[in-house]
Amino acid sequence: MIYTLESLGFLKKSSDDERYELGTAVLSLGYSLFSSMDVVDRAEGPLRRLRDQTQGSTHLAKREGRNVVYLMRFASADAMTGNVQVGARLPVHATTLGRALLIDSSYEELRAIFEEDETLPVFTRTTARSLDELAEQLREDRDRGYVVGQSIYENGLDSMAVPIRGEGGKIVAAISVVGFGLLNGGQEQVLLKALLSTAQEIEIPDSL
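Just so we're aligned: 16 in UniProt numbering is position 16 of the sequence shown, and the numbers increase by one with no gaps anywhere.
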């Protein structure tokens, strides 16, 4: 646990090298990291292996209001692929991670999250422009069982995401794999199999 937190910038060695202090990454996360500590602790190895297996950048995130907050990231060899940092916040409706976190949400729940705003910020031609459009995307995501998208937040960027479930099947986080041209050559099912296997490793059984 300590190694994981230190490597991600949440802890740092003191000047006398005898104790740990909070790192700067904590300031950007607030409550998010600590309310998801079990998931963060379990995710490091599986997400690193997923990055190596797919050659895409891998992420773990949770939702805070209208945003997704990135809790963990393993970058691909392509430094420009999914170039977000731990603690970054992106609009929940404009990322596959966000849609994976919202995948169980009813229309009434969406209205509450977005405070009944009828229009949503648009980043690319495939970003949901309204609550109705987002609700339709989420219906398709539920039917599919996962979220897949091309150029949702950034043009040319492919991504796939699935929720991480905790006790009682409640969504507690989501993971994604992101890359340019990631879905080329009929790779969707290969990526999905790897992503679902990773999610299964991270999910916390009800018995724990």
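Ideal Cβ placement from N, Cα and C applies to all residues, glycine included.
Item                                                                                                                 : Value
Outcome for glutamine 200 when other beta-carbon atoms lying within 10 angstroms are tallied against a minimum of 16 : exposed
Pick from Glu109, Glu64, His59, Val148 that is closest to glutamine 187, judged by C-alpha positions                 : Val148
3 or more residues per run - each beta strand (DSSP E) lying fully within the stretch 125 to 181                     : 147 to 150, 157 to 165, 171 to 180
Cβ-based neighbour list, valine 69, same chain, cut-off 8 Å, excluding 5 preceding and 5 following                   : Leu29, Ser32, Ala61, Lys62, Arg63, Gly87, Ala88, Arg89
Integer-rounded CB distance, given that aspartate 104 should sit under 8 Å from isoleucine 204                       : Isoleucine 204 to aspartate 104, Cβ: 17 Å. No contact.
DSSP three-state assignment for alanine 75, whether helix, strand or coil                                            : coil
Unbroken alpha helix (DSSP H) run spanning leucine 90, endpoints                                                     : Here leucine 90 belongs to no alpha helix (DSSP H); instead the beta strand (DSSP E) covers 89 to 91.
Alanine 112: first and last residue of the uninterrupted alpha helix (DSSP H) it sits in                             : 107 to 113
Cβ-based neighbour list, leucine 27, same chain, cut-off 6 Å, excluding 5 preceding and 5 following                  : Because the pLDDT of leucine 27 is 46, which lies under 50, any placement of that residue in the model is unreliable, and the number read from its coordinates should be weighed accordingly. Answer for leucine 27: no residue qualifies.
CB of leucine 138 within 8 Å of CB of arginine 99, strictly                                                          : yes
For arginine 42, the three-state DSSP class (helix, strand or coil)                                                  : helix
Leucine 110 versus leucine 50: straight-line alpha-carbon distance, rounded                                          : 31 Å
Burial state of alanine 128 (16 or more Cβ within 10 Å)                                                              : buried
Threonine 126 versus leucine 157: straight-line alpha-carbon distance, rounded                                       : 12 Å
Beta-carbon proximity of leucine 101 to proline 163, cut-off 8 Å                                                     : yes
Span separating the alpha-carbon of leucine 191 from that of valine 84                                               : 21 Å
Among Thr198, Asp117, Ala194, the one whose alpha carbon lies nearest that of glutamate 133                          : Asp117
With 16 other Cβ atoms within 10 Å as the buried cut-off, status of serine 176                                       : buried
Sheet register partners of leucine 60 (DSSP bridge)                                                                  : Met72, Ile175
Residue(s) in a DSSP beta bridge with threonine 119                                                                  : Ser130
Spatial distance of phenylalanine 123 from alanine 174 (CA atoms)                                                    : 21 Å
Selection from Gln53, Leu47, Phe180, Ser130 that minimises the alpha carbon distance to serine 151                   : Phe180
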